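Taking the working numbering, the leading residue of the sequence shown gets 2, the next gets one more, and so forth. From the three backbone atoms N, C-alpha and C, an ideal C-beta is built for every residue, glycine too. Quick caveat: nothing in here was measured; it's all calculated off a predicted structure.
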Amino acid sequence: MTAMLALTQHRCNKVPIIIHDESEESKMWSQIHSEETKKQSIPVVKAWQLNERMYGELQGLNKQETAEKYGRHKVHEWRRSYGTCPPNGESLQMCSQRAVAYFRKHIEPQLFAGKHVLVAAHANSLRAIIMYLDKLTTQEVINLELSNGVPMLYIYKEGKFIRRGSPLGPTEAGVYAYTWDLALYRHKLDEMSN
2 MTAMLALTQH RCNKVPIIIH DESEESKMWS QIHSEETKKQ SIPVVKAWQL
52 NERMYGELQG LNKQETAEKY GRHKVHEWRR SYGTCPPNGE SLQMCSQRAV
102 AYFRKHIEPQ LFAGKHVLVA AHANSLRAII MYLDKLTTQE VINLELSNGV
152 PMLYIYKEGK FIRRGSPLGP TEAGVYAYTW DLALYRHKLD EMSN
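This is the structure:
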């Protein structure tokens, strides 16, 4: 849903279309045959590999209920360690294996070909991809905080990924500072509010 909302507001004014690739039949059914339609649309690919980490027996419980049932220290360990799984759940390491494998197989080739890709996903799958891109340690990734709805921009240049913007704060200023159109837009907003 986040990707669809973002794309409907994108300056390209293209219609986001979900591409189904679960089976050969679904690929065939979601194929666009009209060249004119292809020019007016932008593909959206859903991938289960970018789903949120599976919390097993913690799934659906709020933090308070979970802490009361299992103890605050244990819940913190499950939520904030790299290799420890909650009961019948998935560790960040396991989530990272599937998310990064998907990124490397399906997204990197697009980037290497010079295409632009928007990745909208859940915090832990994004945290795993950021760990891979920024070469973070397991300790650095568990302390990485991501703000909801704040875009992060990566540029692939000279064989490496360079981050523009910061995941650390609730401000979008870091991203605005790196794109000319957005910087002008932000400047106009700042002038109007003063």
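(request) Pick helix, strand or coil for L154, following the three-state DSSP scheme. (result) Residue state, collapsed to three classes: strand.
(request) Out of Y133, K158, A124, point me to the one whose CA is closest to N149's CA. (result) Closest by alpha carbon: A124.
(request) With distances taken Cα to Cα, identify the nearest neighbour of I18 among M193, L62, R12, K47. (result) Nearest option by C-alpha distance: K47.
(message) Taking only three categories from DSSP, how would you classify K1?
(response) There is no way to answer for residue 1, as the model of the chain reaches only from 2 to 195.
(request) Can you tell me which of the three DSSP states P17 falls into? (result) In the structure shown, P17 sits in a strand (DSSP, three-state: E or B).
(request) Figure out for me which residue from M95, L145, V45 has the closest Cα to the Cα of T3. (result) Nearest of M95, L145, V45 to T3, Cα basis: V45.
(request) Alpha carbon to alpha carbon, how far is G57 from V75? Give it in angstroms, no decimals. (result) Going by the sequence as given, residue 75 is Lys instead of Val. Between the alpha carbons of K75 and G57 lies a distance of about 14 Å.
(request) With a threshold of 16 other CB atoms inside 10 Å of the CB of L8, please say whether the residue is buried or exposed. (result) So L8 ends up on the buried side.
(message) What does the Cβ neighbour count give for W49, buried or exposed, with the cut at 16 atoms within 10 Å?
(response) Exposed, by the Cβ-count rule.
(request) Let me know the alpha helix (DSSP H) ranges lying completely inside the segment 83–125, each 4 residues or longer, listed in chain order. (result) Here the runs fully enclosed are 93–103, 109–113.
(request) Determine, using beta-carbon pairs with one atom in the segment 98–111 and one in the segment 26–44, whether at least three such pairs fall under 8 Å. (result) No: the two stretches stay apart, fewer than three of their Cβ pairs being nearer than 8 Å.
(message) Quick check on S27: does DSSP put it in helix, strand or coil?
(response) The DSSP-derived three-state label of S27 is helix.
(request) Mark I156 as exposed unless 16 or more other C-beta atoms lie within 10 angstroms of its C-beta, in which case mark it buried. (result) Exposed, since its Cβ has fewer than 16 Cβ neighbours within 10 Å.
(request) Report the three-state DSSP secondary structure of I33 (helix, strand or coil). (result) Looking at I33 - three-state DSSP - the assignment turns out to be coil, as it is neither helix nor strand.
(request) Give the DSSP bridge partners of V45, in chain order. (result) Per the DSSP secondary-structure output, V45 pairs in a beta bridge with I19.
(request) Could you check how far apart the C-beta atoms of I131 and V120 are, in whole angstroms? I think they sit under 8 Å. (result) Incorrect: roughly 10 Å between the Cβ atoms, too far for contact.
(request) Take A102 and list the residues in its own chain whose beta-carbon comes closer than 8 Å to its own, dropping the five residues that flank it on each side. (result) Within the same chain, A102 has close Cβ partners Q50.
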